[in-house]
Structure formats: structure tokens, C-alpha cells
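If you use mature numbering (1 follows the signal peptide of the UniProt record, and there is no 0), the sequence shown corresponds to residues -21 to -1, 1 to 262, in order. Built from N, CA and C at the ideal position, the CB exists for glycine as well. So the structure is just underneath, and the comments pick up after that.
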Amino acid sequence: MKHRKTTILTSILAGASLMLAGCGSNDKTTYVTTIVQNASEGLDLQAVTDLATKAKSAEDFEQKLNAKDNDYNNMDLDADGKVDYIKVTEIAKDKQKGFSLTTELSAEEGEEQEIATIQFEQEEGSDDVTVQTHGNSQIYGHNHYYHHRTSMTDVLIMGYLLSSHRPYASPWGYNHYPSYYSSYRTRPSSDYSRKLRSKPGYSRIKRSSSPVVKTPIKSPNFNKTATKIKAPLNNPTSSQRSFQKRNPATTRVVSKGFGGSSSSSRFGSSSSSRSRSSFGGGK
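Shown next as C-alpha cells:
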């Protein structure tokens, strides 16, 4: 009887060892998740307003805006997990000076989206300058403004804007980038916001619900509205809403276990601040 018990116990232990060995070699779970953030979380206009004052030129502003190590851009309108390249178009008409920020979602005509405008207004009879940024209503909602009033000597880019030069219009676009640029992955919104808020000059830029400049600038790109946006928008057009309904953002979650299974999760683009998907549920 004792020998029989020993044999049974040995068999059980051997079976358990085989199962554990099998788990160790095959039961490797791989998580592949993508955070689909609200479009407005991808570009902090408070930080961008401050950055614009520190640029040497429109081209320099574009380069700083898209530099990975600067942390300013985290925009991902097509929800592919990669940061969108932002183009800068200089606005120079009479006394109006500023920039229009846009991004191209594809090479198709009509798939360029304006993100925001930045205006520099010098007050008459004064050396003071008001800087105002207006977020696109589809992305940021209605009446989304940031502004800062300061001395002209504190706004480095004013020297460029007031000089005689040909207004800059970015020659770059979808899959056509400058040699110094390489695409990079988006960062979690919390990390992105934390880094920007710690930058010098961030807190001096104030939020308002109405323009503070006397004559708001008119952008040459004001009618540029892309349809193929998957990231949630605050005020989408009917065509954008229709596209998002037909093409919800997708997060794939790959899991390899006993059966080598894999799964994927889909969720629609809405005006919620952020959607997540992970194996076993959202976080």
C-alpha cells in the first residue's frame, strides 16, 4: 500500500512538472495596447503659445514644435499611435502677424486639418505685444483661447515677424518630412501634461473664453477640415462624426497562451476625454 501511494504521488508530481514546464515555455502573454486620447489632449496650446514667443523664425518654430525631445507635440488625429507632424503657415497681412498650425492625415486632397492659430498684436503707441492662440473648434470646442501680454523685448520672434522677408509656408506634409525629422510614438497624456507644466513660462499663459486682441487674425487655412479623424473630437462636423462611426479607433490586444490565442478590442470615437483598452478590461 505504501509503495502504491508513493507511485501515485510521483505520477502527480511528474504531471505537474510537465504542466509548469509547458506554461513556462508557451504561456507567455503579450499585451499590445494603444491609448486613444481626446484630440485636444494631443497639443497643449498653453505650452505652444509660450513656445511661439521663443522661436527665432516660423521655420524654427515648426522645428521646435515637432522635435521629439522638446515634448510639445503629442497629437495623433488618425489614432495610429504615432505623433502627427504639424505644419506652420505664416500669416502676414497688413498689421496682422501670426501662424496657422495644420496637419495632414493622408496624401488625399482635403485631408488637412487646421489645429490652431497664433496671433501677435502690437499695441499702438506702445512696446507691448499681446500673443493669442485660438484652438480649432472641432478639436478644442468653441471659444478656446490662450493669451499673454508682455513687452516686445520678451517676444523673440517679433524681430522676425517685423522684418522684411517672404512669409513662410511649410513645404512638408504627409510622408514628406525634413531630413532632421523622424516619426515617434505618442506618450501617455499624463506624462505629456506633466512635462509641459514644469517648463518655464508655462504658467504665464492665461486661458480665456473670448478673444483679447482688437482684430482677430484671419487664417488662410480656416476652412481646412479633415474627415478621416479617429481621435475623439469636442465639436466634430457631421462628416467627421459619420467617419468616426464607420471607422472606430481600434486597439489590438495580443495574448499567447495554451492555445496561442489573440484578441482585439474596438471602441468608437466620442467626445470622452480618453478611451483605453487592456487585456482583461480597461484601466
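> What is the rounded straight-line gap between the Cα of Ser257 and the Cα of Thr132?
Replying inline: By one-based count along the sequence shown, residue 257 stands at place 278. By one-based count along the sequence shown, residue 132 stands at place 153. Summary for Ser257: the model assigns pLDDT 36, below 50, so the residue's position carries little reliability, and this model does not support an answer.
>> Suppose contacts are defined by Cβ-Cβ distances below 9 Å. Is Val67 in contact with Leu84 by that definition?
In response: Residue numbering aside, residue 67 sits at position 88 when the sequence shown is read from its first letter. Residue numbering aside, residue 84 sits at position 105 when the sequence shown is read from its first letter. Not a contact, by the Cβ cut-off of 9 Å.
>> Cutting at 7 Å between CB atoms, please list the residues of its own chain near Lys200, excluding the five before and the five after it.
In response: Within the sequence shown, the letter at position 221 stands for residue 200. It should be pointed out that residue 200 corresponds to Asn in this sequence rather than to Lys. Thr68, Ser79, Thr81, Glu93, listed in sequence order.
> DSSP on Ser172, reduced to helix/strand/coil?
Replying inline: Sequence index remark: in the sequence shown, residue 172 carries index 193 (1-based). The answer is helix: DSSP assigns Ser172 an H, G or I state.
> Going along the chain, which unbroken runs of the beta strand (DSSP E) with 3 or more residues stay wholly within the region 115 to 149?
Replying inline: 124 to 130
> Is Glu100 closer than 9 Å to Lys72 when the C-beta atoms are compared?
Replying inline: Stepping through the sequence shown from its first residue, residue 72 is reached at position 93. Stepping through the sequence shown from its first residue, residue 100 is reached at position 121. Against a cut-off of 9 Å, the Cβ pair of Glu100 and Lys72 comes out as no contact.
> With burial defined as no fewer than 16 other Cβ atoms inside 10 Å of the residue's Cβ, what is the status of Gly114: buried or exposed?
Replying inline: Reading the sequence shown from its first residue, position 135 is the one you call residue 114. Buried is the call here.
> By Cβ distance below 6 Å, which residues in the same chain neighbour Lys193 in space, the five residues on each side in sequence not counted?
Replying inline: Walking along the sequence shown from the start, residue 193 turns up at place 214. No residues qualify anywhere along the chain.
> When we look at the beta-carbon of residue 309 and count the other beta-carbons within 10 Å, is it buried (16 or more) or exposed?
Replying inline: Because the chain in this structure spans residues -21 to 262, residue 309 falls outside the shown range and cannot be described.
> According to the neighbour-count rule (16 or more other Cβ atoms, all chains shown, within 10 Å of its Cβ), is Ser143 buried or exposed?
Replying inline: Taking the first residue of the sequence shown as 1, we reach residue 143 at position 164. With fewer than 16 other Cβ atoms within 10 Å, it is exposed.
>> Does Arg186 come out as helix, strand or coil in the three-state DSSP assignment?
In response: Residue 186 sits at position 207 when you count from the first residue of the sequence shown. Arg186: strand per DSSP, three-state reduction.
> Cα separation between Leu22 and Ser158?
Replying inline: Reading the sequence shown from its first residue, position 43 is the one you call residue 22. Reading the sequence shown from its first residue, position 179 is the one you call residue 158. Their Cα atoms are separated by approximately 23 Å.
> Any idea what DSSP makes of Glu19, helix, strand or coil?
Replying inline: For the purposes of this step, residue 19 is taken as the residue at position 40 of the sequence shown. Per the sequence shown, the amino acid found at residue 19 is Ser instead of Glu. If DSSP states are grouped into helix, strand and coil, Ser19 belongs with the helices.
> Between the C-alpha atoms of Leu56 and Arg128, what's the straight-line distance to the nearest angstrom?
Replying inline: On the sequence shown, residue 56 is found 77 positions in, with the first residue counted as 1. On the sequence shown, residue 128 is found 149 positions in, with the first residue counted as 1. About 31 Å.
>> Tell me which residues share the same chain as Glu20 and place their Cβ nearer than 6 Å to its Cβ, disregarding the 5 neighbours each side in the sequence.
In response: As a first step, residue 20 must be located in the sequence shown, where it is residue number 41. Closer than 6 Å at Cβ, skipping near neighbours: Ser168.
>> Any beta carbon from chain D within less than 9 Å of Ala37's own beta carbon?
In response: Protein chains in the displayed structure number just one, and chain D is not present.
> Pairing CB atoms from the region 47 to 56 with CB atoms from the region 146 to 156, are three or more of them under 8 Å?
Replying inline: no
>> So for Val232, helix, strand or coil by DSSP?
In response: On the sequence shown, position 253 is the one that residue 232 refers to. Interpretation of Val232 is limited by its pLDDT of 47, a score under 50 that renders its predicted location unreliable; the figure taken from the coordinates is listed afterwards. The answer is strand: DSSP assigns Val232 an E or B state.
>> So Tyr124 and Pro190 are supposed to be a Cβ contact under 8 Å. How far apart are they, rounded?
In response: Indexing the sequence shown from 1 puts residue 124 at position 145. Indexing the sequence shown from 1 puts residue 190 at position 211. 6 Å between Cβ atoms; contact.
> For the putative contact between residue 265 and Asp29, defined by C-beta atoms under 8 Å, what is the C-beta separation to the nearest angstrom?
Replying inline: Residue 265 is absent from the model: the chain starts at -21 and stops at 262.
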